[in-house]
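Numbered by the working numbering, the letters in the sequence shown go through residues 7 to 183 in order.
We put the CB at the ideal spot given by N, CA and C, even for glycine.
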Amino acid sequence: MLDYCIRAAGPDDLDGARAVMLDTVYRDFRTGYVPRWHGDIIDPAAAYLAPARHTLLVALDPADGEVVATAALDSRGPAHPPNPRELAERYPSGGTAQVRRVYVRPAHRRRGLARHLVAELLGFAAADGGYRAVYLHTDPTVPGAEAFWRSLGKVVHDERDDPHGGQVVHFELAMER
Numbered sequence: 007m008l009d010y011c012i013r014a015a016g017p018d019d020l021d022g023a024r025a026v027m028l029d030t031v032y033r034d035f036r037t038g039y040v041p042r043w044h045g046d047i048i049d050p051a052a053a054y055l056a057p058a059r060h061t062l063l064v065a066l067d068p069a070d071g072e073v074v075a076t077a078a079l080d081s082r083g084p085a086h087p088p089n090p091r092e093l094a095e096r097y098p099s100g101g102t103a104q105v106r107r108v109y110v111r112p113a114h115r116r117r118g119l120a121r122h123l124v125a126e127l128l129g130f131a132a133a134d135g136g137y138r139a140v141y142l143h144t145d146p147t148v149p150g151a152e153a154f155w156r157s158l159g160k161v162v163h164d165e166r167d168d169p170h171g172g173q174v175v176h177f178e179l180a181m182e183r
């Protein structure tokens with residue numbers, strides 16, 4: 007990993023973080039901005055900076071200080087619907103740290119940034135003391151996403167195996183204690 011600056015985002019980082027997130031949902035996910043899924047992207051201060059148990063991390067390019075990667079964590083477990091009921095029950099809000107928005111600009115991928123950001127999030131969750139589990143979900147059609155998360159955690163539910171279909175893979179990550 008190059009000499010990136012990784013830190014908790016502050017107000018001056020929000021425009022850059024929002025740009026990384028929006029570029030990702032348009033380019034990689036090809037969904038564009040969907041308000042019911044991406045409201046936190048539009049107002050990351052309310053979603054991640056204001057609540058004490060939430061965080062938004064950014065990685066800054068050492069050359070120009072531009073935000074080139076993000077990673078967030080909040081205390082909202084997976085909601086049912088759209089997620090399976092058993093996941094909402096297993097990972098309730100308040101006791102679950104949900105990893106969100108681990109996005110790296112294409113020119114900065116394959117340098118260990120995402121892995122380092124996730125390690126920082128896991129440390130944050132452990133230091134909080136109130137989280138019992140760390141949960142996330144990913145879209146396996148995004149190149150590299152499923153393999154990356156399988157290298158860090160365990161699959162707790164794969165919607166591709168459901169009788170009604172689905173494409174989301176749900177993971178649990180181990181907290182550093």
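By the neighbour-count criterion, in which a residue is buried when 16 or more other Cβ atoms sit within 10 angstroms of its Cβ, residue 16 is exposed. Contact check for residue 180 and residue 124: beta-carbon distance about 11 Å, past the 8 Å limit, so the pair fails to qualify. Remark: fewer than three beta-carbon pairs, one from each stretch, lie closer than 8 Å, so the stretch 114-123 and the stretch 133-146 are not flagged as touching.
Around the beta carbon of residue 60, 16 or more other beta carbons lie within 10 angstroms, which makes this residue buried. Per DSSP, residue 37 lies in no beta strand (DSSP E) and is assigned neither H nor E. Comparing C-alpha distances from residue 119 to each of 182, 178, 65 shows the shortest one belongs to 65. The criterion of a C-beta distance shorter than 7 Å is satisfied by residue 103 and residue 137.
Beta-bridge annotation (DSSP): residue 63 is paired with 14, 77. When 82, 144, 30 are compared, the shortest CA-CA separation from residue 58 is found for 82. Membership of residue 178 in any alpha helix (DSSP H) is not indicated; the residue belongs instead to the beta strand (DSSP E) covering 175-179.
Under the criterion of beta carbons closer than 8 Å, residue 47 and residue 13 do not qualify as touching, at roughly 19 Å. Taking residue 85 as reference, the option from 19, 29, 70, 143 with the minimal CA-CA separation is 143. When DSSP reads this structure, residue 163 sits in a beta bridge with 176. Residue 147 carries a coil assignment under DSSP once its states are collapsed to helix, strand and coil. If you ignore the 5 residues before and after residue 38, its C-beta comes within less than 7 Å of the C-beta of 31, 32, all in its own chain and listed in chain order. Contact annotation, residue 128 with residue 178: C-beta distance approximately 12 Å; criterion of less than 8 Å not satisfied.
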